[in-house]
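Encoded as structure tokens, the structure appears first; notes follow it.
In the working numbering, the protein residues as written are 186 to 254.
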């Protein structure tokens, strides 16, 4: 049991465990889900530029018959 531990591993109780790599942090699944939900909510509230700045079409009145009394 007192064998030599390979480099990059640490002995934990009765088994070997790989040491975590320094400086590299993984993004958790909950963080990714929160970012996706935030982008989706932002799109619902503010929108992603679906609306264009063209004025709404207003129909021009046509002269069909003159109003007479």
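Cβ coordinates follow ideal geometry from the N, Cα and C atoms, glycine included.
My understanding is that residue 188 touches residue 204, with C-beta atoms under 8 Å, so please give their C-beta distance in whole angstroms.
The Cβ separation is near 17 Å, so there is no contact.
Rounding to the nearest angstrom, what Cα-Cα distance links residue 221 and residue 245 in this structure?
If I take the Cα positions, the gap works out to 45 Å.
According to DSSP, residue 197 sits in a beta bridge with which residue or residues?
Bridge partners of residue 197: 200.
Quick one: what does DSSP say residue 222 is sitting in, helix, strand or coil?
Looking at residue 222 - three-state DSSP - the assignment turns out to be helix.
May I have the straight-line CA-CA distance separating residue 207 from residue 228, to the nearest angstrom?
Inter-residue distance for residue 207 and residue 228 is about 37 Å (C-alpha atoms, whole angstroms).
DSSP three-state call for residue 230: helix, strand or coil?
Looking at residue 230 - three-state DSSP - the assignment turns out to be helix.
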